[in-house]
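*Asks:* Got a structure for you, written out below as structure tokens; questions coming shortly.
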Amino acid sequence: MKVSYREALREALREALAQDPRVFLMGEDVGRYGGTYAVSKGLLDEFGPDRIRDTPLSELGFVGAGVGAALGGMRPIVEVMTINFSLLALDQIVNSAALLRHMSGGQCAVPLVIRMVTGAGRQLAAQHSHSLENWYAHIPGIRVLAPATVADARGMLAPALADPDPVIIFEHAQLYNLEDALPVERVWRACDISRAAVRRTGTQASLITYGGCLPKAMQAADELAATGIDVEVIDLRVLRPLDLDTIAASVRRTHRVVVVDEGWKTGSLAGEIVARIAEDCLYDLDAPPRRVCSAEVPIPYARHMEAAALPQVAQIVAAVKEMLNV
Amino acid sequence: MKKRQPTQSRPAAGEPQRLLADMLRIRRMEEKCAELYGAGKIRGFLHLYIGEEACATGAMHALAEEDRVVATYREHGHALLRGVPMDAIMAEMFGKASGCSRGRGGSMHLFDVSRHFYGGNAIVGGGLPLAAGLALADKLQGESRVTACFFGEGAIAEGAFHESMNLAALWALPVLFCCENNLYAMGTALSRSESQTDLCAKAASYNMDSFRADGMDVRAVFETVSRAANQVRESGRPAFVELQTYRFRAHSMFDPELYRDKAEVEQWKTRGPIHSFSAQLKAEGLLTEDVFLALDAAAQVEVDAAVAFAEAAPWEPEADLLKDVHGPAAVAHGGRR
Ligand SMILES: Cc1ncc(C[n+]2csc(CCOP(=O)(O)OP(=O)(O)O)c2C)c(N)n1
Ligand SMILES: [Mg+2]
Chain A
1 MKVSYREALR
11 EALREALAQD
21 PRVFLMGEDV
31 GRYGGTYAVS
41 KGLLDEFGPD
51 RIRDTPLSEL
61 GFVGAGVGAA
71 LGGMRPIVEV
81 MTINFSLLAL
91 DQIVNSAALL
101 RHMSGGQCAV
111 PLVIRMVTGA
121 GRQLAAQHSH
131 SLENWYAHIP
141 GIRVLAPATV
151 ADARGMLAPA
161 LADPDPVIIF
171 EHAQLYNLED
181 ALPVERVWRA
191 CDISRAAVRR
201 TGTQASLITY
211 GGCLPKAMQA
221 ADELAATGID
231 VEVIDLRVLR
241 PLDLDTIAAS
251 VRRTHRVVVV
261 DEGWKTGSLA
271 GEIVARIAED
281 CLYDLDAPPR
291 RVCSAEVPIP
301 YARHMEAAAL
311 PQVAQIVAAV
321 KEMLNV
Chain B
1 MKKRQPTQSR
11 PAAGEPQRLL
21 ADMLRIRRME
31 EKCAELYGAG
41 KIRGFLHLYI
51 GEEACATGAM
61 HALAEEDRVV
71 ATYREHGHAL
81 LRGVPMDAIM
91 AEMFGKASGC
101 SRGRGGSMHL
111 FDVSRHFYGG
121 NAIVGGGLPL
131 AAGLALADKL
141 QGESRVTACF
151 FGEGAIAEGA
161 FHESMNLAAL
171 WALPVLFCCE
181 NNLYAMGTAL
191 SRSESQTDLC
201 AKAASYNMDS
211 FRADGMDVRA
221 VFETVSRAAN
231 QVRESGRPAF
241 VELQTYRFRA
251 HSMFDPELYR
261 DKAEVEQWKT
271 RGPIHSFSAQ
281 LKAEGLLTED
291 VFLALDAAAQ
301 VEVDAAVAFA
311 EAAPWEPEAD
321 LLKDVHGPAA
331 VAHGGRR
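Protein chains in written order, with the UniProt record's numbering: chain A, 1 to 326; chain B, 1 to 337.
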């Protein structure tokens, strides 16, 4: 039976709330409105307003309150409506959540989970469409996850809540309606939030990606396969700390790499990955690494301009072909 | 100090038939937008102002042409009455190159700096510090204009509201803070988001004068905002206006409206700003049904022309994707980005 990414996230929330009285969900319109992207729909009726807590429009305040509640022994899950709005809470995430353990010489723990929506593709224009995951992946003290499959949407929350430190989970807006069969329970329960995953094995190049670009990379791999080109697809899953072993192992198999990242190329996670590959396995490469990223422009509203700004399947295919001189 | 520009407000701003005509223009334009959204011509988020027209109409009539305006994503009416042509608004919603933001912004980001309209801002509370800064610039340059900043009551929970109110009062900046209190921020009712629901009390805590008006009554809005704006202009100090209103439609096109009763919406609709004002004018002998129909038909003609314009307008070429990320100076400095 197929489930949607959204339903998988909701099921994970429901289970966490049912199993641990310390867990509660808070954020803008998570309750009565039913969740902006309907992830928390129905949970208010089931768990009540104390545990499905609607907040005022106060990102700095309620994310900071989540930090404090975690410090005080709870296991809060804070939802931020859209990554652009998380910038209003950046201070509490970067200057408090990520630092408290270290600054206190190990006395404080902030077992907080922050979920937020990221990414473009719905013509929501510049203030609702950016991919800033890399900013958070820059910060020591937090773990950054990007579930790109239904299984990860279902499986990542429990280990994130069990993590003694803050974890940010990025849900790409384009994935909510993704449907897939959930693997057997044993498999998704074994969700490891430290490893990347090989989503497709191949021999001629490695496509390294995460989040909303995974379906595009998989489609590019299909199209390339139809022309006889066999590529591997690596889903990073964990943006901090990066699973460098899985990346290096793939590069050593295929000797060519294309990183696909919805962030802007300059200062991107894609840049970090290429740098790590250069440090760890430069002499395994048969060609200079390539990056397919968003154009260096705020995301425009008009449909064709938005599409032109974002990484697309055709560009991934072209990058691989150029690399292979075909 | 620069000499004060003469006020160039259009003749007879606030004149009853013009107030009515402008409310009708907003209403008919937005009804068309909803239809075009259904047809896939307009995409992204679309936040309709239907039910709240008296606020922007009364307020815009009360402002002078040189005054600055900062608004939110629910800004179609404000843009229109600031003088942005309906053609350019409609083309923007279509994402066309002839749109008032060249198709880059869409419904939430209408801009027209030539008319001192500093945009639709889709970050709740995001416009308030901008307004304080625009007013600071005017103060430093000896300009005596007012910066009117529109925002919903939901924004009052944001830090940006409190920081901007304090700055404006502390530095005596000519900002008119216009809070359109429609009682809901998406699905969150005011009483569930504010410990103090008397919004004017908040202004008082910053030592700022406040005004309150029935936002369903266009005359009341016009008179109140006129008084408030004049006070700001004369004193150079900020003021706060609360306009009590209600949105008849969903928050955006994605909202299933689980959080409020149909009966509540119907109750508010009985106070709809257009029909209550036209009934009032008829009772006063200032309007006949024929004149009403003529005003409505004129609005419809303008809407139809705007849609035709938007349909015919060109798409921006993809080759221009990287345009306007930086100004010409970046090119002058060697051109590498
Ligand atoms: C900083 C920020 N947080 C959340 C949102 C999502 N959001 C958009 S509009 C809105 C409700 C705002 O309500 P209000 O200020 O009362 O204005 P109204 O929509 O009622 O006109 C919310 C929560 C946003 N755009 N920006
Ligand atoms: Mg509101």
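Just so it is clear, CB atoms sit at the ideal spot from N, CA and C, and this is done for glycine as well.
Everything numeric in this text was worked out from a predicted model, so none of it was measured.
#1: Taking a contact to mean a Cβ-Cβ separation below 9 Å, would you say C55/B touches C149/B in this structure?
#2: In chain A, what lies closer than 8 Å to H109/B by C-beta?
#3: Return no unless some Cβ of chain A is closer than 9 Å to the Cβ of R337/B.
#4: Does E322/A pass the burial test, meaning 16 or more other C-beta atoms within 10 Å, or should it be called exposed?
#5: Name the chain A residues that come within less than 8 Å of R247/B, Cβ to Cβ?
#6: Quick check: the segment 138-147 of chain B against the segment 101-110 of chain A, are at least 3 beta-carbon pairs closer than 8 Å?
#7: Would you please verify whether the beta carbon of residue 338/B is less than 9 Å from any beta carbon of chain A?
#8: Does V117/A have its Cβ less than 9 Å from a Cβ in chain B?
#9: Hey, which unbroken runs of the alpha helix (DSSP H) at 4 residues or more fall wholly within the segment 171-239 of chain B?
#10: Assign F309/B to one of three DSSP states: helix, strand, or coil.
#11: Name, in chain order, the residues that DSSP records as bridge partners for H172/A.
#12: With DSSP collapsed to three states, give me the class of Y5/A.
#13: Kindly indicate if chain B contains any beta-carbon less than 9 Å away from that of R291/A.
#14: Quick one: does Q92/A have its CB under 9 Å from some CB of chain B?
#15: Should T266/A go down as buried or exposed, given a rule of 16 or more other Cβ atoms within 10 Å for buried?
#16: Between which two residues does the beta strand (DSSP E) holding S206/A run?
#17: Please confirm if Y33/A has its CB atom under 9 Å from at least one CB of chain B.
#18: Note down, in chain order, all residues in the segment 76-100 of chain A with a beta-carbon under 8 Å from any beta-carbon belonging to chain B.
#19: Spatial neighbours of P166/A within its chain, please: CB distance less than 8 Å, with the 5 preceding and 5 following residues excluded, ordered by chain position.
#20: Does the beta carbon of H76/B fall short of 8 Å from some heavy atom of ligand 1?
#21: In chain A, which residues lie less than 9 Å from T188/B when you measure between Cβ atoms?
#22: May I ask which residues mark the beginning and end of the alpha helix (DSSP H) holding P16/B?
#23: Determine, using beta-carbon pairs with one atom in the segment 223-240 of chain B and one in the segment 189-208 of chain B, whether at least three such pairs fall under 8 Å.
#24: If you drop the 5 nearest sequence neighbours on each side, which residues of the same chain put their C-beta closer than 7 Å to that of Y37/B?
#25: Confirm the yes/no value for this check: CB of A56/B, any heavy atom of ligand 2, distance under 8 Å.
#26: Does the beta carbon of L128/B come closer than 9 Å to any beta carbon on chain C?
#27: Near L295/B, which residues of its chain fall below 8 Å by C-beta distance, leaving aside the five closest residues on each side in sequence?
#28: What residue does the alpha helix (DSSP H) around E75/B start on, and which one ends it?
#29: Distance check for A89/A and L322/B, CA to CA, integer angstroms please.
#30: Who are the near neighbours of V317/A in its chain, counting only those whose CB is closer than 8 Å to its CB and skipping five residues on each side?
#31: Where do the ends of the beta strand (DSSP E) carrying P76/A lie?
#32: Under three-state DSSP, which class holds L57/A?
#33: Using the Cα positions of I299/A and L17/A, report the straight-line distance between them to the nearest angstrom.
#34: With a threshold of 8 Å (Cβ to nearest heavy atom), would Y184/B be considered close to ligand 2?
#35: Apply the 10 Å Cβ neighbour rule to L258/B and answer buried if 16 or more other Cβ atoms are within range, or exposed otherwise.
#36: For M186/B, which of T36/A, L310/A, A217/A and P183/A has the nearest alpha-carbon?
*Replies:* The answer reads as follows:
#1: Position 55 of the second sequence, counted from the first residue, corresponds to residue 55/B. Position 149 of the second sequence, counted from the first residue, corresponds to residue 149/B. With contacts defined as CB atoms closer than 9 Å, C55/B and C149/B fail to qualify as a contacting pair.
#2: The sequence position of residue 109/B within the second sequence is 109, counting from 1. Residues of chain A passing the Cβ test: A125, A126, Q127 and Y301.
#3: As a first step, residue 337/B is located in the second sequence; it is residue number 337 there, counting from the start. Low per-residue confidence applies at R337/B: pLDDT is 48, beneath 50, and the placement is therefore not dependable, though the value from the model is reported in the following sentence. For R337/B, at least one C-beta of chain A is nearer than 9 Å to its own C-beta.
#4: Here the question's residue 322/A lines up with position 322 in the first sequence. Answer is exposed; the Cβ neighbour count stays below 16.
#5: Here residue 247/B is taken as the residue at index 247 of the second sequence, counted from 1. What R247/B touches in chain A: nothing, since even the nearest Cβ is about 14 Å away.
#6: Flag = no, the segment 101-110 of chain A and the segment 138-147 of chain B do not touch.
#7: As shown, chain B starts at 1 and ends at 337. That puts residue 338/B outside it, with no answer to give.
#8: As a working note, residue 117/A is residue 117 in the first sequence. Proximity of V117/A to chain B, defined by a Cβ-Cβ separation below 9 Å, is not satisfied.
#9: Look at the segment 171-239 of chain B and you find these whole runs of alpha helix (DSSP H), each 4 residues long or longer: 199-205 and 218-235.
#10: As a first step, residue 309/B is located in the second sequence; it is residue number 309 there, counting from the start. Looking at F309/B - three-state DSSP - the assignment turns out to be helix.
#11: Residue 172/A sits at position 172 when you count from the first residue of the first sequence. Secondary-structure assignment with DSSP links H172/A through a beta bridge to T118/A.
#12: For the purposes of this step, residue 5/A is taken as residue 5 along the first sequence, with counting starting at 1. Correct three-state label for Y5/A: helix.
#13: Taking the first sequence and counting its residues from 1, one reaches residue 291/A at position 291. Not one chain B Cβ lies under 9 Å of R291/A.
#14: Within the first sequence, numbered from 1, the residue matching residue 92/A stands at position 92. The Cβ of Q92/A sits no closer than 9 Å to any Cβ of chain B.
#15: Against the first sequence, residue 266/A aligns to sequence position 266. It counts as exposed.
#16: Position 206 of the first sequence, counted from the first residue, corresponds to residue 206/A. First-last of the beta strand (DSSP E) with S206/A: A205 to T209.
#17: By 1-based counting over the first sequence, the position of residue 33/A is 33. Yes, Y33/A lies at the interface with chain B (some Cβ there is under 9 Å from its Cβ).
#18: Cβ contacts with chain B: N84, F85 and L88.
#19: Sequence index remark: in the first sequence, residue 166/A carries index 166 (1-based). Counting only Cβ-Cβ distances below 8 Å, and skipping sequence neighbours, we find V67, A70, I93, A97, A98, V110, P111, L112, V113, I114, G141, I142 and R143.
#20: As a working mapping, residue 76/B is identified with position 76 in the second sequence. H76/B: no, Cβ never under 8 Å from ligand 1.
#21: Looking up residue 188/B in the second sequence gives position 188. Within chain A, the C-beta atoms nearer than 9 Å to that of T188/B come from E28, D29, G31, R32, Y33, D54, T55, P56 and L57, in chain order.
#22: Residue numbering aside, residue 16/B sits at position 16 when the second sequence is read from its first letter. P16/B -> alpha helix (DSSP H) spans P16 to G38.
#23: Yes, the segment 223-240 of chain B is in contact with the segment 189-208 of chain B.
#24: In the second sequence, the residue the question calls residue 37/B occupies position 37. Excluding residues up to 5 positions away in sequence, L46 and M253 lie with their Cβ nearer than 7 Å to the Cβ of Y37/B in the same chain.
#25: By 1-based counting over the second sequence, the position of residue 56/B is 56. Not under cutoff, so the answer is no.
#26: In the displayed structure, chain C is absent; the protein chains listed are A and B.
#27: As a working mapping, residue 295/B is identified with position 295 in the second sequence. Sequence-distant partners of L295/B (beyond 5 residues in either direction) whose C-beta falls short of 8 Å from its own C-beta, in its chain, are Q17, L20, A21 and L24.
#28: Here residue 75/B refers to the residue found at position 75 of the second sequence. First-last for E75/B: undefined, no H or E at that position.
#29: Position 322 of the second sequence, counting from 1, holds the residue named residue 322/B. Position 89 of the first sequence, counting from 1, holds the residue named residue 89/A. Approximately 29 Å, taken between the alpha carbons.
#30: Within the first sequence, residue 317/A is the residue found at index 317, counting from 1. Hits under 8 Å: A220, E223 and L224.
#31: As a position in the first sequence, residue 76/A is number 76, starting the count at 1. R75 to V80 is the span of the beta strand (DSSP E), which, as asked, contains P76/A.
#32: If you number the first sequence from 1, residue 57/A lands on position 57. In the structure shown, L57/A sits in coil (DSSP, three-state: anything other than H, G, I, E or B).
#33: Within the first sequence, numbered from 1, the residue matching residue 299/A stands at position 299. Within the first sequence, numbered from 1, the residue matching residue 17/A stands at position 17. Within the model, the alpha-carbon separation for I299/A versus L17/A is close to 36 Å.
#34: Translated into the one-based positions of the second sequence, residue 184/B becomes position 184. The answer is yes for Y184/B.
#35: The sequence position of residue 258/B within the second sequence is 258, counting from 1. Exposed, by the Cβ-count rule.
#36: Stepping through the second sequence from its first residue, residue 186/B is reached at position 186. Cα-wise, what sits closest to M186/B is T36/A.
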